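Please read the structure below before turning to the comments.
Protein chains: 6
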Amino acid sequence: MMIPSPKDTGFEFQPYSGICTFGRAPHTREVSGADVAIVGVPYDGATSYRSGARFGPRAIREQSMLLWGYNNPLGVAPFKTLKVIDYGDVEVVPVDVLATHGAVNVEVSQIIKENVKVIALGGDHSIALPLLQAHARKYGRLAVIHFDAHPDTWDTEFGQQKFSHGTPFRRAIEQRLIDTSAYLQIGIRGPTSGKQDYEEALALGARMITIDEAMGLGLARILKEIKDRVADKPVYITLDIDSIDPAFAPGTGTPEVGGFSSYQVLQLLRGLKGLNIVGGDLVEVSPPYDHSNITSILASNLVFEYLSLIALNKLNVE
Amino acid sequence: MMIPSPKDTGFEFQPYSGICTFGRAPHTREVSGADVAIVGVPYDGATSYRSGARFGPRAIREQSMLLWGYNNPLGVAPFKTLKVIDYGDVEVVPVDVLATHGAVNVEVSQIIKENVKVIALGGDHSIALPLLQAHARKYGRLAVIHFDAHPDTWDTEFGQQKFSHGTPFRRAIEQRLIDTSAYLQIGIRGPTSGKQDYEEALALGARMITIDEAMGLGLARILKEIKDRVADKPVYITLDIDSIDPAFAPGTGTPEVGGFSSYQVLQLLRGLKGLNIVGGDLVEVSPPYDHSNITSILASNLVFEYLSLIALNKLNVE
Amino acid sequence: MMIPSPKDTGFEFQPYSGICTFGRAPHTREVSGADVAIVGVPYDGATSYRSGARFGPRAIREQSMLLWGYNNPLGVAPFKTLKVIDYGDVEVVPVDVLATHGAVNVEVSQIIKENVKVIALGGDHSIALPLLQAHARKYGRLAVIHFDAHPDTWDTEFGQQKFSHGTPFRRAIEQRLIDTSAYLQIGIRGPTSGKQDYEEALALGARMITIDEAMGLGLARILKEIKDRVADKPVYITLDIDSIDPAFAPGTGTPEVGGFSSYQVLQLLRGLKGLNIVGGDLVEVSPPYDHSNITSILASNLVFEYLSLIALNKLNVE
Amino acid sequence: MMIPSPKDTGFEFQPYSGICTFGRAPHTREVSGADVAIVGVPYDGATSYRSGARFGPRAIREQSMLLWGYNNPLGVAPFKTLKVIDYGDVEVVPVDVLATHGAVNVEVSQIIKENVKVIALGGDHSIALPLLQAHARKYGRLAVIHFDAHPDTWDTEFGQQKFSHGTPFRRAIEQRLIDTSAYLQIGIRGPTSGKQDYEEALALGARMITIDEAMGLGLARILKEIKDRVADKPVYITLDIDSIDPAFAPGTGTPEVGGFSSYQVLQLLRGLKGLNIVGGDLVEVSPPYDHSNITSILASNLVFEYLSLIALNKLNVE
Amino acid sequence: MMIPSPKDTGFEFQPYSGICTFGRAPHTREVSGADVAIVGVPYDGATSYRSGARFGPRAIREQSMLLWGYNNPLGVAPFKTLKVIDYGDVEVVPVDVLATHGAVNVEVSQIIKENVKVIALGGDHSIALPLLQAHARKYGRLAVIHFDAHPDTWDTEFGQQKFSHGTPFRRAIEQRLIDTSAYLQIGIRGPTSGKQDYEEALALGARMITIDEAMGLGLARILKEIKDRVADKPVYITLDIDSIDPAFAPGTGTPEVGGFSSYQVLQLLRGLKGLNIVGGDLVEVSPPYDHSNITSILASNLVFEYLSLIALNKLNVE
Amino acid sequence: MMIPSPKDTGFEFQPYSGICTFGRAPHTREVSGADVAIVGVPYDGATSYRSGARFGPRAIREQSMLLWGYNNPLGVAPFKTLKVIDYGDVEVVPVDVLATHGAVNVEVSQIIKENVKVIALGGDHSIALPLLQAHARKYGRLAVIHFDAHPDTWDTEFGQQKFSHGTPFRRAIEQRLIDTSAYLQIGIRGPTSGKQDYEEALALGARMITIDEAMGLGLARILKEIKDRVADKPVYITLDIDSIDPAFAPGTGTPEVGGFSSYQVLQLLRGLKGLNIVGGDLVEVSPPYDHSNITSILASNLVFEYLSLIALNKLNVE
């Protein structure tokens, strides 16, 4: 039986129409042969203030309908260059952070093993730990470009909990997942629990570029330093949407005022062109605190930049 | 390659997780062999007040994640009894009501031809006309149970336009799609443009049960009358969400105060058990005016009742 | 010069279009010859909880675009039967309740003197006092039908303030503006500052029908009692939107749960048919706390009922 | 030094003013000598759909400013009759449901040991388990009046998790905390995962009054049955706000349409007058999904009814 | 009869008060003698994502109450220098884009013929086509300064539709309404359907200043280029509110992140001082997606800048 | 009796938990010995557009839970260096601006007399007058750093009212509370009622730095000028949140587009390090118009900067 052309993959369909997978990529768990899998991790149990990030993957997918397909500044059409699939969501366990981490680690490892790159949609930032575990197993210690308002290198949170959205990068460094000579924290700001929060991050080896330093340096010098440190190492990008000012990204769990504009972060991401990006995540989008979807629209555009960077790398190789 | 069980069809997956098709039914345009196809019609160009119903299908799908699967009052699990598919959306043309109607008529006719029942998710009420056209072509003149605050039997709207969300049932009667001896309007209320609005609906043959009459009759006697009129005729259900009071269904385009509670409408739908339902629609859900999704949650439950009624019919036949 | 017909008076124009006066009535301060003047009183300085009622008149006007014109249950088209004008707003003084009351009293008295009935749109309930002053000057002591969750008969509020939204009816009784034999409070409920709140209202002469009594009596018996008490006395209707449950009317300053449905209040108002209504107000609509405008849509419909009742009286006289 | 009278305990202060403890009760952890302690449990990690209930305690406290103090239908001023304190919140552990339950159990047990009654503000419904544990330790097996849309008697959720907001009452029955001859579930409705959900609840010994049965019985007969079963046993009230229709209580995690009105639930609670209430909770208020605070206003009023019932018991004893 | 001074024209009245015409200008269709007519076009049927712009004119009028009257940077009081009227809205036809365009063209042509300048309030950007038709009939080919995130020079949209909010400037160039040597697109950014979107705009003759180029050039050099190109030609300004970043203008249909700040666009508009502005529009304000009215407040200020520029021109001529 | 450690003072408790005082400072009216008292003034009766600022103090307190305690750019932990108390709210009189001012003046004077610095949370800007009165009584004429979009130096508002949120600084200068040689207005912009608004502010002695001048000067030169003028005079900071752009601070009563970013204002405040700050206020936060609390989060951070500056001064003295 023939039905009129579905058109609900690809961007010919109007943005208000059809089933929402990321960028209308096919939804499948058959990952073999894909270049990139979009993987949702709808877990928000490890956040210290506003929950809601469990709906981040769904909202980002919905707003990705607006990504018409071609990245003009980078000159690439990632959905054409790459075979992108939407894997759907990892089956998280809201009541148990470690069970959730285990599920992420297992599922993402299996995808990566197939030589498929993963871009994970959070969920809260605690999920960066199993994501780094899965990637380090495949690629060895990782260069990490970490956009955030907070260092996320506490030792414990909620009393003596080792696993929370405030601790993933300390755990990752302890577990030797990160090449700290190539670990940059960008956009850090806001009150902390004490002087030691920054000191400890530095002691762990992070190159912390606070918002004040970032505003002083300018984008070109930040990018220069990133490239000097990362060079050709396998690099993982982890972007907490609260690195961007709440005016541009209100829909998040622990907003910090005085952050980047979305224009600045777009420029920073595009400036990563040429780096050997092996994976990434975009976390802490909390739709119940969004309005008019401006945070999830921004997030879907940032993921589009990730895809574009990976697409350029593929083109350069070919 | 084996990946852990996807579970993103069926209701084992948690409601916050996964890709949103209606009730996690498979998304496909291969309709052969299905019992029911859920079909979105994201068109809101014919509404006289608040637009936004173009996002109705998407919102109803999203909230259908909450439909755990078993209908207790009716004792049926429609997603198990029926093979339900999510067809996705008809490709509407926002700038042209007739082109939209044509697309609906063509696509829905093709589905129906395969002996698949269609439940359409609006979109504004203008889409009832092509839906009735498609169904009448298959089934002949239809009994119609029409829940609404407004008769929608104007001759023209927006000046001299014949096709709008205020005119579909006059057009349908003119086109002899409706068996007016079995055409009931239920829940009618609110100011009208004049005395003639009701008079003309009655002259066209509608049995109008205003909200005042409905409240006086009570549900049992309304159901008695419906059954007497419809008997075993093929019946189409068209439900404008504004039949329900704005307290229960704020997310709609032309709210009328003083309507049914959602409990009352659920009881009315369940009371249609045994009727020969050949299709239906649920229209005028306007998500930008919804809050906390209560309107789309209600709408997804009402569609669940439609499915349950159809499932019971299938069980009775078998 | 000839421009295509404006149509922006009357309901031929679509509800999303044009300048918002109440029911598209002409905006003028030339009141002579009018039957009814709609008068806004955008004052919210006397509320004990959430402010915002200063935007009540504007929101009610905007949603009145939906009032297509004909009242079916009452069989009357008030904008055709009556010459209705939209007077605009009294110039209130946010920092000074007494200056505001003075302005209301003066302006409304001048309108009434011209034999024009006034329907005032609040604003908080403190404005009922100068409205009653103006009406009593013209009509003598008034029968008052008072829909509310609260008696509003405190002696003082905010320390020793005599004028607030919690005191107008005590002041009015003290000033002998109300015929207490025909003063009914309907829908009273919720916690009070003590047992004395109800006792004092009763001692002042009010016939208080609490929500519990109202639910027990049913609408017919409430209406019977209203009519027995009011008989043919000049009657003023004052309706605090919080008489209606917050599910139906969330946009208000001091919501009380467990109230009337909007259907019940519509029926009560329609049941006042035949009473000698000399004026009225609708107060405490607070748009910043409304959603999807359901409160202001309800309020505009209630004002439409006021107009319909007055129109029926005019028809009966003619 | 003398500063003008603070007045920020008691309801003399205006509702928009001052620090928000429940009903302006003193905030202290010195519980000895108190009659009732209000205890917040800001945990939302065990919910299957929308998170956000972690902010329930804060929102309910804020809206409790509106509780002027005197309960007219019951004729009691609970904040005068009882010594009420606001204990603040239990220190929950978002990443670990069992650690949270342990903290609730320990802290609440210590309060109860001092002969102080606890009313807990959720948080999601998983917290009912440790609350029942603490109460059963003190009072023995409990009669339980359970208002809910869902039975919450699943065996597991989120895969094989034993502790979630869908399982507390099965766990409690297994742990012999509940006297099942006096365990009533009231307001149950909506789709379930299968026929077995109800069957299993019944097999566990619950008297389930579905919404359909409740609407048929009427409030008086429901109350009769409650009283017959509970008699003079120590009774714990657990009220999931989703027992009430989303029109009245939109701010919740798993809304079910077709529920009670707030008026009905207020009447049911008041009807429990005279029962030997030893504790209670009010759960699943999710402020990010509330609008205009109507859900938290309702919740604070329901807690006010709990307090009023306890106050009446104290008066009767004295 | 004398009533106290109305004061509801002019800005003496407080912003929360009175009937909302633009800047409290008189509402009339007698255009002769006016300098500028504000004309609403409440049509949103041609948008590819979020509808709602039909309420743009109403929201902009409402927020214009805040425009106290004097433009400090430009040193002019436009409502005093100019005779401004509020024409109300063109009667659009939601179901038919061409009928709508016809109505706009006819009505605006008649206004312009009277030597009255028109500032149109959208509505979606499709309305720029009939506006340009009307202006070109009067003034000949127009210089056009076009602020937008998108080129809007597609050939077709929604399948083969020639008229949409994505095509007006291609149609206008085809119809020789625009002097392409003086046609500037400013603020273009975001993903497009392919490389060809920009190429085709350039091929049509547009001078496209993408956001990246704009940020590099700085405002002074952008203004220099605008003035060089436009010189003393009759110039039409068309401003899509999505040219501004969604942080500043969330209330729009197809938001693009990474745009101008409102400060930048205000400076750009003020920099147009001295150009021969013959008309303009401000489109794509979608109030259902606005919050706290910040988008419509911005829009009303931008229209105030248009008026100020026209007022300066009048002063210079005199 | 021993209960587990409360932890609900200090920032060890999670931000979603516990009773909301500012920064979890103890709530007390025993001010002796404190360094700083946070004082709420929940009055919004003097605003010319959107009310709601009465909830400013409550919302700022709630969001202050996110202030982890240590100010990294300034290197100080103000809640450790200073003894901060939360005084609660002054008992305002909504119906009477002068009674409110009297209460503020009296209560704040008594606090200041005890050598406790006051940071007041508004409420609308009218409250700056009694705050300046109280401070000038203690410290003599004050240097004033005034962040605002509006000069607030009108002579009258609302007709002939001398006391409003548009007049406090004229009144203060008339009453010789301000040392005009050290009075700076920063961020002024937007339409005014005429040329005279700025002229009169200048004539009163203000150094007005409009937004245009500020953007031209850059932060360093603004700070240089502030320091030159203020030198070592006792300085009062008054910050109207509308000095910041509505993108960053939508929750306010009279938004003006084209303002500072929050980053800019944070930098300006931190640049005041070393000035002799004797008190301050933060006004015009209107929570009903906020979304996702971004305005109140910003406000609580700005107050944190005030505290940090005062803490540095204390450290320098010691």
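Protein chains in written order, with our numbering: chain A, 1 to 318; chain B, 1 to 318; chain C, 1 to 318; chain D, 1 to 318; chain E, 1 to 318; chain F, 1 to 318.
Note that CB positions come from ideal geometry on N, CA and C, so glycine has one too.
Small disclaimer: the values here were computed from a predicted structure and weren't measured.
Since residue i meets chain D, which of its residues come closer than 7 Å, beta carbon to beta carbon?
{"i": "Thr153(A)", "result": "Per Cβ cutoff of 7 Å: no residues; Thr153(A) is ~17 Å from chain D at best."}
Could you list which residues in chain A have their beta carbon closer than 9 Å to that of residue i, in chain order?
{"i": "Gln161(D)", "result": "Val93, Pro94, Val95, Asp96 and Ala99"}
In chain C, which residues lie less than 7 Å from residue i when you measure between Cβ atoms?
{"i": "Tyr16(E)", "result": "Pro42, Arg54 and Phe55"}
Measure from the C-beta of residue i to each C-beta in chain E and report whether the shortest distance is under 7 Å.
{"i": "His27(C)", "result": "yes"}
{"i": "Ile310(A)", "result": "no"}
{"i": "Ile188(A)", "result": "no"}
Can you find a CB in chain F that lies within less than 7 Å of the CB of residue i?
{"i": "Tyr289(A)", "result": "yes"}
{"i": "Asp89(D)", "result": "yes"}
{"i": "Thr21(D)", "result": "yes"}
Could you tell me which residues DSSP puts in a beta bridge with residue i?
{"i": "Lys117(E)", "result": "Val36(E)"}
{"i": "Leu239(C)", "result": "Phe147(C) and Leu282(C)"}
Run down chain E in chain order and give the residues with a C-beta less than 7 Å from the C-beta of residue i.
{"i": "Gly45(B)", "result": "Gly45, Pro94 and Val95"}
{"i": "Asp212(F)", "result": "Pro73"}
Output, in chain order, the set of chain A residues within a Cβ distance shorter than 7 Å of residue i.
{"i": "Ser51(D)", "result": "Asp44, Ser51, Gly52 and Arg54"}
Name the chain F residues that come within less than 8 Å of residue i, Cβ to Cβ?
{"i": "Arg58(D)", "result": "Tyr16, Cys20 and Glu62"}
Answer with yes or no whether the minimum CB distance from residue i to chain A is below 7 Å.
{"i": "Ser32(D)", "result": "no"}
{"i": "Ala247(E)", "result": "yes"}
Kindly indicate if chain B contains any beta-carbon less than 7 Å away from that of residue i.
{"i": "Phe158(E)", "result": "yes"}
Could you confirm whether any beta carbon from chain D is found closer than 7 Å to the beta carbon of residue i?
{"i": "Ser164(A)", "result": "yes"}
{"i": "Ala299(B)", "result": "no"}
{"i": "Gly280(B)", "result": "no"}
{"i": "Ser286(B)", "result": "no"}
{"i": "Leu184(B)", "result": "no"}
Cβ closer than 8 Å: which chain A residues qualify as neighbours of residue i?
{"i": "Pro319(F)", "result": "The shown model of chain F, from 1 to 318, leaves out residue 319(F), and the question about it has no answer."}
State the CB to CB distance for the pair residue i and residue j, rounded to an integer number of angstroms; the pair is presumed to be in contact (CB under 8 Å).
{"i": "Asp124(C)", "j": "Ala53(C)", "result": "5 Å"}
{"i": "Tyr43(B)", "j": "Val92(B)", "result": "4 Å"}
{"i": "Ser126(E)", "j": "Ser164(E)", "result": "6 Å"}
Would you say the beta carbon of residue i is closer than 6 Å to some non-hydrogen atom of the ligand MN?
{"i": "Phe79(F)", "result": "For the structure depicted, the ligand MN is absent and the ligand set is empty, with no information on it obtainable."}
Contact criterion: CB-CB distance below 7 Å. Does residue i meet it with respect to chain C?
{"i": "Gly194(B)", "result": "yes"}
**Asked** Using 8 Å as the Cβ pair cut-off and three pairs as the minimum, do the segment 279-296 of chain E and the segment 11-23 of chain E touch?
**Response** Contact fails: fewer than three Cβ-Cβ distances are below 8 Å.
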